[in-house]
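Sequential numbering of the sequence shown, starting at 308, is according to this note's numbering. The C-beta atom is built at its ideal place from N, Cα and C for all residues, glycine as well. Keep in mind that this is a model prediction, so the values were computed, not measured.
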Amino acid sequence: MESTTKNLIEIVKAETSKINQVDFDNLAFGNVFSDHMLVCDYKNGVWETPKIIPYGPLSLEPSAKIFHYGQSIFEGMKAYKDANGTTWLFRPLDNHKRLNISAKRMAIPEFPEAFFMEGLKTLLRLDREWIPRTTGSSMYIRPFIFASGKGFHASPADEYKFIIALAPSGAYFSGKVKVLIEQHYSRSANGGVGYAKTGGNYAGQFHPTQLAVEKGYNQVIWTDDNTHEYIEEAGAMNIFVRIGDTLITGPTSDRILDGITRKSVLEIAKDEGIPTEVRKITVTEVVEAAKNKTLKEMFGTGTAAVISPIATFGHKDRDYDLPELTDSYASLFKKRITDIQYNRAEDKFGWRFKI
Ligand SMILES: *Cc1c(COP(=O)(O)O)cnc(C)c1O
């Protein structure tokens, strides 16, 4: 294997590329991986020099604490290729900041910004041919950290691994999304870990989501754990509602994740002069607005789908359909964000980051 050192990162190249086995016109989401991954180990109290190696399985101790105590965090971001073949990221420093917010909550050592940014650049440049060019497609980027240190003692591990894996992914078509407003289960609690992108938050959603799917819904709308009267998140996305012409989203808290797409939508809404309220949303007002036809839109926001419009919501054995608008806020926000991401429009907010 050829081995070179570029900047501060050592690169061990894959002997052969798998790129010819991939059908770039029919990519799903997150199930094909590029030739390389970046790995950085935390040992003896320091993050060691990151390495880029061929993508492949890992070898771990059965007592590694990730398996027993779930010490793991992740980020989700994307790289976009513009018409000239230049690669761009969207607000990557915000992902780095949030990774360390999650790290702190899960007692994982914070990861240095220079390794994160240099790692992304070096890996994306090496596997640049893997970044799809088809419209709507992008490179989904998954940086994550988990406890690789051994021992059955329920305490933070002494060793960790940071990895970045790349998954060329197709456009995320969610179709007509039908959601159920949850009245029993919760995804987060006051003082809990809801604001962290940590594995268990998602595992804990699978069972309630399966029950909702059995009833014919695609996703659960999470409500507060105490009264189930406040709307908080849409699956693993933030949620917005439009009542009349007013756009409303809940305030972030220790129960609600601080989404980068959410805050981008809020900034674009301000720029567009759309009346916006960041405040608690009650289930009662959404049901009332659906009944008196002032509820015009509900949509989720997140890196994977950007904007995911909701067609129907269920609440206490009744379904409410939302109107199909030709001039929806959802399509306006999606266009403005993706135009910046793919370098099709001016970036007055300074969100694009060139690789
Ligand atoms: C990742 C995530 C979001 C969306 O965050 P983005 O930064 O917009 O991708 C929202 N809610 C939850 C629970 C998430 O995990």
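Closer than 7 angstroms: residue i CB and nearest ligand 1 heavy atom
| i | result |
| --- | --- |
| Asn545 | yes |
| Glu540 | yes |
| Pro385 | Position check: residue 385 holds Lys in this sequence, whereas Pro was assumed. Lys385: no, Cβ never under 7 angstroms from ligand 1. |
| Arg625 | no |
| Thr583 | no |
| Thr306 | Outside the shown range of the chain, which is 308 to 662, sits residue 306, and nothing can be said about it. |
| Leu564 | yes |
| Ile617 | no |
| Gly377 | no |
| Ile567 | yes |
| Lys641 | no |
| Gly511 | no |
| Lys350 | no |
| Lys504 | yes |
| Thr516 | no |
| Thr559 | no |
| Gly609 | yes |
Strand pairing of residue i, partner residues [DSSP]
| i | result |
| --- | --- |
| Trp354 | Tyr349 |
| Met413 | Paired residues: none, contrary to the question. |
| Val613 | Gly609 |
| Pro450 | Ile471 |
| Pro361 | His343 |
| Val585 | Thr556 |
| Ala541 | Ile528 and Met544 |
| Glu604 | Arg549 |
| Asp672 | The first residue shown for the chain is 308 and the last is 662, placing residue 672 beyond what the model contains. |
| Phe381 | Phe451 |
| Leu396 | Ala386 and Phe660 |
| Val484 | Ile617 |
| Thr505 | Ile380 |
Selected residue, minimal CA-CA separation from residue i, among the options
| i | options | result |
| --- | --- | --- |
| Ile617 | Tyr524, Asn351 and Gln490 | Tyr524 |
| Arg432 | Thr559, Glu595, Thr393 and Tyr649 | Thr393 |
| Ala454 | Leu400, Glu382, Pro416 and Leu487 | Pro416 |
| Asp434 | Gln517, Phe513, Met344 and Phe422 | Met344 |
| Asp561 | Leu473, Phe423 and Gly498 | Gly498 |
| Asn591 | Asn327, Ile318 and His622 | Rather than Asn, the amino acid found at residue 591 in this sequence is Thr. Comparing Cα-Cα distances from Thr591 to each of Asn327, Ile318 and His622, the minimum goes to His622. |
| Asp552 | Ile546, Ile538 and Tyr636 | Tyr636 |
| Phe423 | Thr442, Glu436 and Leu400 | Leu400 |
| Ile442 | Phe331, Arg659, Ala596 and Glu425 | According to the sequence shown, residue 442 is Thr rather than Ile. Answer by Cα proximity: Phe331. |
| Lys385 | Arg398, Ser379, Gly377 and Tyr376 | Arg398 |
| Ala390 | Pro439, Asp348, Leu365 and Ile555 | Pro439 |
| Trp658 | Glu574, Thr530 and Arg625 | Glu574 |
| Ala496 | Asn533, Ile528 and Tyr509 | Asn533 |
| Asn333 | Gly352, Pro558, Asp342 and Ser444 | Ser444 |
| Val484 | Ser324, Ile614, Val319 and Asp654 | Ile614 |
| Thr356 | Gly363, Pro419, Ser324 and Tyr387 | Pro419 |
| Phe340 | Tyr349, Asp348 and Pro364 | Pro364 |
| Cys347 | Ile452, Glu604 and Thr601 | Ile452 |
| Gly426 | Leu315, Gly337, Leu602 and Thr556 | Leu315 |
Distance cut-off 7 angstroms: residue i Cβ against heavy atoms of ligand 2
| i | result |
| --- | --- |
| Glu425 | Ligand 2 is absent from the structure shown, which contains only ligand 1. |
Residue i - DSSP class collapsed to helix/strand/coil
| i | result |
| --- | --- |
| Tyr492 | coil |
| Tyr479 | coil |
| Asn533 | coil |
| Val329 | coil |
| Ile318 | strand |
| Ile647 | helix |
| Gly443 | coil |
| Thr633 | coil |
| Thr429 | helix |
| Thr323 | coil |
| Ala597 | helix |
| Glu309 | Since pLDDT at Glu309 reaches only 47, below the 50 mark, its modelled position is unreliable, and the value read off the structure follows with that caveat. In the structure shown, Glu309 sits in coil (DSSP, three-state: anything other than H, G, I, E or B). |
| His590 | In the sequence as presented, His is not what sits at residue 590; that position holds Val. Note: Val590 maps to helix in three-state DSSP. |
| Arg569 | helix |
| Ile419 | The identity of residue 419 in the sequence shown is Pro, whereas the question assumes Ile. In the structure shown, Pro419 sits in coil (DSSP, three-state: anything other than H, G, I, E or B). |
Count the C-beta pairs between the region 503-516 and the region 394-410 that are closer than 8 angstroms, then say yes if the count reaches three, no if not. yes
Do the region 569-586 and the region 443-463 touch if we need at least three Cβ pairs shorter than 8 angstroms? no
Pairs of beta-carbons, one from the region 365-381 and one from the region 459-468, closer than 8 angstroms: are there three or more? yes
Answer yes if the region 512-527 comes into contact with the region 462-477, meaning at least three C-beta pairs across the two stretches below 8 angstroms, and no otherwise. no
Between the region 465-474 and the region 483-496, can you find at least three pairs of beta-carbon atoms closer than 8 angstroms? Using a C-beta cut-off of 8 angstroms, the region 483-496 makes no contact with the region 465-474, since fewer than three inter-stretch Cβ pairs fall below that distance.
Can we say the region 529-545 touches the region 636-646, given the rule of at least three CB pairs closer than 8 angstroms? no
Three or more beta-carbon pairs under 8 angstroms between the region 600-615 and the region 568-575, yes or no? yes
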